[in-house]
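Q: The structure that follows is given in the form of structure tokens.
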Amino acid sequence: NTDQDWWRTSVIYQVYPRSFKDTDGDGVGDLKGIEEKLDYLKEIGVNGVWLSPIFRSPMADFGYDIANFTDIDPIFGTMDDFDDLIKKADTLGLRIILDFVPNHSSDEHEWFKKSIKKIEPFTDYYIWHDGKVSNASGERIPPNNWLSVFRGPAWEWNEERGQYYYHQFAVKQPDLNFRNPQLVDEMKDAMTFWLDRGVAGFRVDAVPFLFEVTSLQDEPLSNDPTALPDDYLYLVHNYTVNLEETFDMVQQWRGLIEARQEPKRLMMAEAYADFETTLRYYGTPQSPGAHFPFNFALITDVNGNSTPADFLKATKKWIDDLPPGALSNWVIGNHDNHRVASRFGRELVDGLNMLALLLPGVAVTYNGEEIGMEDTSVGWEQTKDPQALDAGPERYLQYTRDPERTPFQWDNTTSAGFSNSEVTWLPVNSNYPELNVEAQKKASVSHYHVYKLLTAARATPTVQRGDTQVEVIGDHVFAFTRYLTCTF
Ligand code: TEU
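Mapping to full-length UniProt numbering: the sequence shown position 95 is 493, numbers consecutive.
Written out as structure tokens, the structure is:
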């Protein structure tokens, strides 16, 4: 049934909707803009289009804080716009994949408002705790030392309910309680809603964080000398990530999407974890999990200073050490990590695209990487990322994700052709007059042309089913060969 698994040899392209294309002049991208640019995506050889969250949201974490899981945020458009997008994508043979964000909702979600008031059935939709009394001061303190990924305590006091709630990310992102069967059903209903509307699958956000131990043990200190006491890396996370229950939940979701035919639906899991733990998100042949957990090795294991041997190590495990039948994949950038051109240097942009697009398995491209967009420097005053704002003016640069989220550079007109407004939600990179799609189309040699050649090469049997050899040649070269052995 491999031809039904349309994603096997596909290029999945991540659109960051706020920054892709603005059609109504408010300086924020929208669904109509994405629809308008589907022809472009077809032209560069993309097959699946994953949209970062487009749901109703106060935008504290730019859509990853959801106030209604089954509604479109007005800043992006309407449900009709969404249906139109799906329709147009269908005519082009493109598949639309949505971001599914199960770990938390917005604190402005109805469920949370009702949970605060203990209105049933919402009382236990979130993770609430009385806290404890400090021996030293006699004051009320959180139940344990757990830290938020976005820095500081993972517990926030709610005056009205008189309890703490748990938030793995921002204060405005209370964690949902997956030990409550009603909540579990509710989230499955949200998935079903979008499957019914014709989406081709999901990228599941922040999967490792779904469950925490109920015993609430303190997490041990990491002794990482670079981490301050409120940094996430100050602790070793033994009790708040990758619990057994998490893998089971992913398998349940797979069951739900597996029940759908025409098209078969895809599930990609976002899990930053060590290699062995990441592989567990594939599940087993009897109980499959995600079709693939993202392979972040080209983001987390190598950078501009890496040696050929580092590249060999990073790539080899995702070629040779996967469980039988598991599908590999390659991610070189996303909205949480600095741009390829900035992490590796411009001279390696084509090289990284070659790895992602020619190594065996699915290729995942973050919008803008096909033209080698660079990080944009965004000053403290213009900073929008909650993670950076939380860190404050002294430390925001270490945390900010704004530089890789600035508007897409289409051409050399106003706001790089992203918007007809000169004011955009994040600034356009000042390199846009030279670095844009139009200019790269016209140039005889460009990242854009290389990218198109690479996606075209994916149609060959050698890239689709051939073997792979990765090797180090001399001191400076990392090389790989794809080859198909013919039997006559
Ligand atoms: O990220 C989850 C995640 O694992 C984070 O640790 C991420 O690596 C970190 O933000 C990098 O600085 C997902 C989304 O991709 C991210 O944009 C959201 O902020 C986060 O979930 C919360 O929904």
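Where a beta carbon is used, it is the ideal one built from N, C-alpha and C, also for glycine.
Using 8 Å for Cβ pairs, my map puts Phe453 next to Ile470. What's the rounded Cβ distance?
A: Correct: roughly 7 Å between the Cβ atoms.
Q: Indicate whether the contact test is met: 3 or more Cβ pairs, each with one atom in the region 541-557 and one in the region 625-642, closer than 8 Å.
A: Short answer: they touch.
Q: For the region 512-523 against the region 610-623, are there 3 or more C-beta pairs whose distance is under 8 Å?
A: Counting Cβ pairs under 8 Å, fewer than three are found: no touch.
Q: May I ask whether a heavy atom of the ligand TEU can be found less than 6 Å away from the beta carbon of Phe692?
A: No, the ligand TEU has no heavy atom inside 6 Å of this Cβ.
Q: I need the boundaries of the beta strand (DSSP E) containing Phe510, first residue and last residue.
A: Looking at the DSSP string, Phe510 is not in any beta strand (DSSP E); the run it does join, the alpha helix (DSSP H), is 508-514.
Q: Among the residues of its own chain, which have a CB less than 7 Å from the CB of Phe876, if the five just before and after it don't count?
A: Here the set comprises Pro706, Phe709, Leu710, Val870.
Q: Suppose only complete runs of 3+ residues qualify. What are the beta strand (DSSP E) ranges in the region 468-497, listed by chain order?
A: Correct list: empty.
Q: Using only the alpha-carbon positions, how far apart do Gly743 and Leu492 sit?
A: When rounded, the distance between both Cα atoms is 31 Å.
Q: Report whether the distance from the Cβ of Ala604 to the nearest heavy atom of the ligand TEU is below 6 Å.
A: Because some heavy atom of the ligand TEU lies under 6 Å away, the Cβ of Ala604 counts as near it: yes.
Q: Start and end of the beta strand (DSSP E) containing Val760?
A: Looking at the DSSP string, the run of the beta strand (DSSP E) that includes Val760 is 760-764.
Q: Where DSSP assigns a beta bridge to Asn556, which residues make up the other side?
A: Paired residue(s): Gln561.
Q: Measuring straight from C-alpha to C-alpha, what distance separates Gln838 and Arg880?
A: Going from the Cα of Gln838 to the Cα of Arg880 covers about 28 Å.
Q: From the DSSP output, read off the bridge partner residues of Lys530.
A: DSSP output for Lys530 lists Ile539 as bridge partner(s).
Q: Please state whether the Cβ-Cβ distance between Met665 and Ile655 is less than 7 Å.
A: Yes; because the gap between Cβ atoms is below 7 Å, this pair is in contact.
Q: Would you report the Cα separation of Trp553 and Ser504, rounded to the nearest angstrom?
A: Those two C-alpha atoms are separated by around 15 Å.
Q: Determine the extent of the alpha helix (DSSP H) in which Trp592 is found, giving its start and end residues.
A: Trp592 -> alpha helix (DSSP H) spans 579-594.
Q: Rounded to whole angstroms, what's the CA-CA distance from Asn445 to Asn727? Just pull it up for me.
A: Rounded to the nearest angstrom, the two C-alpha atoms are 14 Å apart.
Q: Can you give the Cα-Cα distance for Asp788 and Tyr794, rounded to whole angstroms?
A: So the two alpha carbons sit approximately 8 Å from each other.
Q: Consider the C-beta atom of residue 379 and the heavy atoms of the ligand TEU; say whether any pair is separated by less than 6 Å.
A: Summary: the structure shown does not reach residue 379, with the chain confined to residues 399 through 886, and so no result is reported for it.
Q: Output needed for Thr822: all residues of its chain with C-beta closer than 7 Å, excluding positions within five of it in sequence on either side, in chain order.
A: Counting only Cβ-Cβ distances below 7 Å, and skipping sequence neighbours, we find Gly425, Pro805, Ser813, Phe816.
Q: Check whether the Cβ of Tyr846 sits closer than 6 Å to any heavy atom of the ligand TEU, and report yes or no.
A: Tyr846: no, Cβ never under 6 Å from the ligand TEU.
Q: Can you find a heavy atom of the ligand TEU that lies under 6 Å from the Cβ of Val547?
A: Correct: Val547 has its Cβ closer than 6 Å to the ligand TEU.
Q: Out of Leu725, Leu614, Thr885, which has the shortest C-alpha to C-alpha gap to Tyr564?
A: Out of Leu725, Leu614, Thr885, Leu614 has the C-alpha closest to the C-alpha of Tyr564.
Q: Give every residue of the same chain whose Cβ lies closer than 6 Å to the Cβ of Val868, excluding the five residues on either side of it in the sequence, and list them in chain order.
A: Excluding sequence neighbours, Val868 sits near Leu710, Thr713, Lys714, Phe878.
Q: Report yes or no: do three or more beta-carbon pairs, one from the region 769-784 and one from the region 555-562, lie closer than 8 Å?
A: Contact fails: fewer than three Cβ-Cβ distances are below 8 Å.
Q: With the cut-off set at 7 Å, would you say Gln402 and Trp448 are in Cβ contact?
A: No, the Cβ-Cβ distance between Gln402 and Trp448 is not below 7 Å.
Q: I need the DSSP call for Val499, collapsed to helix, strand or coil.
A: In this structure, Val499 counts as coil in the three-state DSSP scheme.
Q: Please work out which residues of its chain come closer than 7 Å, Cβ to Cβ, to His874, disregarding the five sequence neighbours upstream and downstream, and give them in chain order.
A: Answer for His874: Pro706, listed in chain order.
Q: Pro683 to Leu725, Cα distance in whole Å?
A: Near 12 Å, if we compare the C-alpha coordinates of Leu725 and Pro683.
Q: Would you identify the three-state DSSP class for Met752, choosing helix, strand or coil?
A: Of the three classes helix, strand and coil, the one that applies to Met752 here is helix, per DSSP.
Q: Can you find the residues in the same chain that come closer than 7 Å, C-beta to C-beta, to Asn575, ignoring five residues on each side of it along the sequence?
A: So the list reads Asp522, Tyr523, Tyr524, Ile525, Leu581, once near-sequence residues are dropped.
Q: Any heavy atom of the ligand TEU closer than 6 Å to the beta-carbon of Phe673?
A: For the ligand TEU, not one heavy atom lies less than 6 Å from the Cβ of Phe673.
Q: Within a Cβ cutoff of 8 Å, which residues of the same chain sit near Pro801, ignoring the five residues on either side of it in sequence?
A: Closer than 8 Å at Cβ, skipping near neighbours: His736, Arg737, Ser740, Asp773, Thr774, Ser775, Val776.
Q: How is Asn399 classed by DSSP in three states: helix, strand or coil?
A: Low confidence applies here, because Asn399 scores a pLDDT of 38, under 50, leaving its location unreliable; read the following figure in that light. If DSSP states are grouped into helix, strand and coil, Asn399 belongs with coil.
Q: Could you have a look at Gln650 and say whether DSSP puts it in helix, strand or coil?
A: Of the three classes helix, strand and coil, the one that applies to Gln650 here is helix, per DSSP.
Q: Assuming Ile697 is part of the alpha helix (DSSP H), what are its boundary residues?
A: Taken as a continuous stretch (DSSP letters only), the alpha helix (DSSP H) holding Ile697 covers 695-698.
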